[in-house]
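Participant:
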Amino acid sequence: GNSVTQMEGPVTLSEEAFLTINCTYTATGYPSLFWYVQYPGEGLQLLLKATKADDKGSNKGFEATYRKETTSFHLEKGSVQVSDSAVYFCALSHPRRDSNYQLIWGAGTKLIIKP
Amino acid sequence: SQTIHQWPATLVQPVGSPLSLECTVEGTSNPNLYWYRQAAGRGLQLLFYSVGIGQISSEVPQNLSASRPQDRQFILSSKKLLLSDSGFYLCAWSSGNEQFFGPGTRLTVL
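Line by line, the protein sequences give chains A and B.
First residue of the first sequence? That's 1 in this note's numbering, and the numbers climb one at a time after it.
First residue of the second sequence? That's 116 in this note's numbering, and the numbers climb one at a time after it.
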């Protein structure tokens with residue numbers, strides 16, 4: 001079946017450090033891939049997405065490349081800030097029989113940035 | 116532009132009491148709607164989704180139910196809350212394969 005695996009957190013970094021949060025997936029067909037971010041006490045926001053192999057999604061300095069050969073969609077940022085502290089979710093989207101798209105979610109990775 | 120509202124933002128309820136959480140979407144028509152639960156420090160669990168008025172699909176057996184009385188209204192209910200119903204409840208809508216989330220309702224059952 002379809003699944004998403006993320007690196008376990010929390011991930012603790014100093015400000016201006018390089019960030020990588022690993023995400024790998026298992027899926028049939030050609031899913032779309034997403035990163036969502038959840039700031040403390042809030043709902044989820046779409047951070048970036050990629051819809052086909054070799055696409056790179058980017059937003060707010062974050063990037064992720066859809067790698068079909070390694071079934072990965074790792075999230076990276078060159079220089080993190082304290083304001084990036086949040087929980088990050090990797091997800092894939094696949095169509096269902098009723099034409100609805102279901103998101104398959106990773107467990108989330110908590111990121112803590114220290115000043 | 117589209118917006119999604121949830122209320123209440125926080126709720127504290129005794130065990131055995133009823134529950135009603137409401138979600139409304141503005142700026143779009145015939146959206147797919149979703150209810151998720153997020154337990155403390157954990158990931159998202161899809162509870163229900165709906166592709167149209169009166170059409171509800173349940174993903175997990177539980178103490179909760181959902182209804183969609185109007186195109187852009189999605190309600191999560193329970194007749195008798197359990198302690199294990201505590202969590203952060205998120206409503207989302209989608210058009211295509213991307214989902215957009217509301218601000219969430221934090222429910223504490225005592």
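Every residue gets a Cβ at the ideal spot worked out from N, C-alpha and C, and that includes glycine.
(1) If you compare alpha carbons, which of B:G217, B:G142, B:L126 is closest to S116 of chain B?
(2) Could you tell me which of A:E69, A:A53, A:D54, A:I21 sits nearest to F62 of chain A, measuring between CA atoms?
(3) Please list the terminal residues of the continuous beta strand (DSSP E) segment that includes Q170 of chain B.
(4) Threshold first: 3 residues or longer. Then list the beta strand (DSSP E) segments lying entirely within the stretch 41 to 114 of chain A, N to C.
(5) Give the interface partners of S93 of chain A over in chain B, defined as CB-CB distance under 7 Å, in chain order.
(6) Could you run through the stretch 173 to 205 of chain B and flag, in chain order, every residue whose CB is less than 7 Å away from some CB of chain A?
(7) Just to confirm, does Y36 of chain A get its C-beta within under 7 Å of one of the non-hydrogen atoms of the ligand PLP?
(8) So, is the C-beta of W35 of chain A closer than 8 Å to a C-beta in chain B?
(9) Enumerate in chain order the residues of its own chain whose CB-to-CB distance from A181 of chain B is below 8 Å, with the five nearest sequence positions on each side excluded.
(10) At a CB-CB cut-off below 7 Å, which residues of chain B make contact with L170 of chain A?
(11) Residues of chain B with a CB under 9 Å from the CB of L75 of chain A: which are they?
(12) Provide the residue(s) that pair with N147 of chain B in DSSP beta bridges, ordered along the chain.
(13) Can you find a C-beta in chain B that's less than 8 Å from the C-beta of L44 of chain A?
(14) Thinking C-beta only, is V224 of chain B closer than 8 Å to L198 of chain B?
(15) Counting contacts by CB-CB distance shorter than 8 Å, is L159 of chain B in contact with chain A?
(16) So, helix, strand or coil for S116 of chain B, using DSSP?
(17) G78 of chain A touches chain B at which residues, Cβ-Cβ below 7 Å?
(18) Looking only at C-alpha atoms, which of A:Q102, A:P115, A:V87, A:P95 sits nearest to L47 of chain A?
(19) In chain A, what lies closer than 7 Å to G217 of chain B by C-beta?
(20) Indicate whether at least one CB of chain B lies closer than 8 Å to the CB of A107 of chain A.
Facilitator: Inspection of the coordinates gives the following:
(1) The residue labelled residue 116 of chain B in the question sits at position 1 within the second sequence. It is B:G142.
(2) Mapped onto the first sequence, residue 62 of chain A falls at position 62. Closest by alpha carbon: A:I21.
(3) Taking the first residue of the second sequence as position 1, residue 170 of chain B is located at position 55. Counting along the chain, the beta strand (DSSP E) containing Q170 of chain B begins and ends at 170 to 173.
(4) The stretch 41 to 114 of chain A contains these whole beta strand (DSSP E) runs: 44 to 50, 56 to 59, 62 to 65, 75 to 77, 86 to 95, 101 to 105, 109 to 114.
(5) Within the first sequence, the letter at position 93 stands for residue 93 of chain A. Neighbours of S93 of chain A on chain B, chain order: N212.
(6) L205
(7) In the structure shown, the ligand PLP is absent, as is every other ligand, since no ligand is present at all.
(8) Translated into the one-based positions of the first sequence, residue 35 of chain A becomes position 35. No, W35 of chain A does not count as interfacial toward chain B.
(9) Mapped onto the second sequence, residue 181 of chain B falls at position 66. So the list reads W150, L162, F163, S165, I171, S173, F189, I190, L191, S192, once near-sequence residues are dropped.
(10) Because chain A here runs from 1 to 115, residue 170 of chain A falls outside it and cannot be looked at.
(11) In the first sequence, residue 75 of chain A corresponds to position 75, counting from 1. By Cβ distance, chain B contributes nothing, its closest Cβ being about 16 Å from L75 of chain A, past 9 Å.
(12) For the purposes of this step, residue 147 of chain B is identified with residue 32 of the second sequence, where counting begins at 1. B:S209, per the DSSP bridge assignment.
(13) As a working mapping, residue 44 of chain A is identified with position 44 in the first sequence. So yes, L44 of chain A belongs to the interface.
(14) In the second sequence, the residue the question calls residue 198 of chain B occupies position 83. In the second sequence, the residue the question calls residue 224 of chain B occupies position 109. Yes. Within cutoff.
(15) Translated into positions along the second sequence, residue 159 of chain B becomes position 44. For L159 of chain B, the answer is yes, since a Cβ of chain A falls inside 8 Å of its Cβ.
(16) One-based indexing of the second sequence puts residue 116 of chain B at position 1. If DSSP states are grouped into helix, strand and coil, S116 of chain B belongs with coil.
(17) Working through the first sequence from its first residue, we reach residue 78 of chain A at position 78. Going along chain B, no residue has its Cβ under 7 Å from G78 of chain A, so there is no contact; the nearest lies around 26 Å.
(18) For the purposes of this step, residue 47 of chain A is identified with residue 47 of the first sequence, where counting begins at 1. Closest by alpha carbon: A:V87.
(19) Numbered from its first residue, the second sequence carries residue 217 of chain B at position 102. Per Cβ cutoff of 7 Å: G43.
(20) Start at 1 with the first residue of the first sequence, and residue 107 of chain A comes out as number 107. Yes, A107 of chain A counts as interfacial toward chain B.
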